[in-house]
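To start, the structure itself, in structure tokens.
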Amino acid sequence: MNNQQKIRIFVIPAVLLLVLVYSYGQLAAKQKPRKGFSIGERFHQETSLTWRGVIGNLFLTKPKKPPQYKTYPGAKLVKLPKPKYQGITVEEAIEKRRSVRNYSTRPISLLELSQLLFAAQGVTGRMYGEPLRSTPSAGALYPIEIYVVVNNVQGLSQGIYHYAIRNHELELIKSGDFSAKITDAGLEQEMLGEADVTFILSAIFDRIRHKYGERGFRYVYMEAGHISQNIYLQAVSLGLGSVSVGAFIDEKVNQLISIDGYKEAAIYLHAVGTL
Ligand SMILES: Cc1cc2nc3c(=O)[nH]c(=O)nc-3n(C[C@H](O)[C@H](O)[C@H](O)COP(=O)(O)O)c2cc1C
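Numbering (numbering that gives the first Met the number 0), first residue to last: 0 to 274.
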């Protein structure tokens, strides 16, 4: 076979195929939103995977990947006690788990808070040297940050802290009693102010969008569910009560943790207290 024949048989079809895939991708990337549906229905439809969408996604301009770890330089650090690996069986925890909204006035200990944070997002392994966490994450991209509104924890002053997962420590971002503010932000659900600690789960959407596009938004909410379930089960194992909370005024919670509500937004709360 001479060179001209090789070009005709292999190169031209390959170039044509590339042009075809590229054009199809460009077209698919420009899918128009369908009219006449509610925002929720559109969210689901427009983040549904189709082969056309998957190919189109390759051609979409995606946001840049934000840093994997949020840090608060200069913040007061609180080293958390090492988590333990003991307790009731997972079967018992599943059987006993209930949403609990009434708590005693007894504080939780720092060790208990440490254990809850570890269950929520603690580092449990490594892949290619990078930390893996206690809950699964699409592409191991970990878009969720955790903050805690500390109301009544032994040995820890009241305030709002950010969980720095790599060193298993807390960074103090605001000092003071935020029980009234978190209750107000949570549509006056009183357990939020009475809880010893309220977890705020926020999402940095671009951490997952830079790879999965708009589909990534779905993954973020799924991941929040994984985290909250771990908090539920860990609380049961520690003999504590807890409840997850989806009803809150977004803007108020975002303001509490000083995030913009777009690039990073609060997506789920979880209150924990003693029985
Ligand atoms: C996504 C989600 C949002 C929720 N939001 C609230 C809430 O805002 N306030 C509340 O008291 N309970 C909330 N719950 C807890 C449910 O009310 C509770 O899980 C349900 O009544 C079943 O009871 P159980 O958890 O004890 O099995 C929420 C649960 C989920 C999964």
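Positions of the beta carbon are idealized from the N, C-alpha and C atoms, including for glycine.
This structure is a prediction, so every number in the text was calculated from the model and none was measured.
Mark residue i as exposed unless 16 or more other C-beta atoms lie within 10 angstroms of its C-beta, in which case mark it buried.
i	result
residue 276	As shown, the chain starts at 0 and ends at 274. That puts residue 276 outside it, with no answer to give.
residue 101	exposed
residue 95	exposed
residue 20	exposed
residue 13	exposed
residue 129	exposed
residue 238	exposed
residue 156	exposed
residue 257	exposed
residue 250	exposed
residue 150	buried
residue 106	buried
residue 47	exposed
residue 103	exposed
residue 232	buried
residue 37	exposed
residue 195	buried
residue 111	buried
residue 343	Nothing can be reported for residue 343: it is not among the residues displayed for the chain, which extend from 0 to 274.
residue 181	buried
Compute the beta-carbon to beta-carbon distance between residue i and residue j, rounded to the nearest angstrom, for a pair I have assumed lies under 8 Å.
i	j	result
residue 241	residue 99	6 Å
residue 268	residue 199	6 Å
residue 247	residue 185	5 Å
residue 79	residue 161	Going by Cβ atoms, the distance from residue 79 to residue 161 rounds to 12 Å, so no, they are not a contact pair.
residue 93	residue 223	No, residue 93 and residue 223 are not in contact; Cβ-Cβ is about 19 Å, not under 8 Å.
residue 197	residue 147	7 Å
residue 116	residue 87	Not really, about 19 Å apart at Cβ, beyond 8 Å.
residue 177	residue 255	7 Å
residue 207	residue 137	6 Å
residue 118	residue 230	6 Å
residue 74	residue 171	5 Å
residue 220	residue 266	7 Å
residue 192	residue 174	Between residue 174 and residue 192 the Cβ distance is about 17 Å, and since that is not below 8 Å, they are no contact.
Per DSSP, residue i forms a beta bridge with which residues?
i	result
residue 144	201
residue 132	122
residue 19	In DSSP, residue 19 forms no bridge with anything.
residue 163	168
residue 149	158, 196
residue 98	241
residue 107	152
Could you spell out where the beta strand (DSSP E) holding residue i opens and where it closes?
i	result
residue 268	263-273
residue 172	168-174
residue 78	76-78
residue 52	Per DSSP, residue 52 belongs to no beta strand (DSSP E); it is in the alpha helix (DSSP H), 50-58.
residue 252	Element bounds for residue 252: not the beta strand (DSSP E) but the alpha helix (DSSP H), 249-255.
residue 241	239-244
Within the continuous alpha helix (DSSP H) that includes residue i, where are the two ends?
i	result
residue 39	38-45
residue 221	214-236
residue 89	89-95
residue 191	190-193
residue 178	178-184
residue 1	It is not in any alpha helix (DSSP H) - residue 1 carries neither H nor E in the DSSP assignment.
Residues proximal to ligand 1 by C-beta, any heavy atom closer than 6 Å: 97, 98, 100, 188, 242, 243, 244, 245, 246
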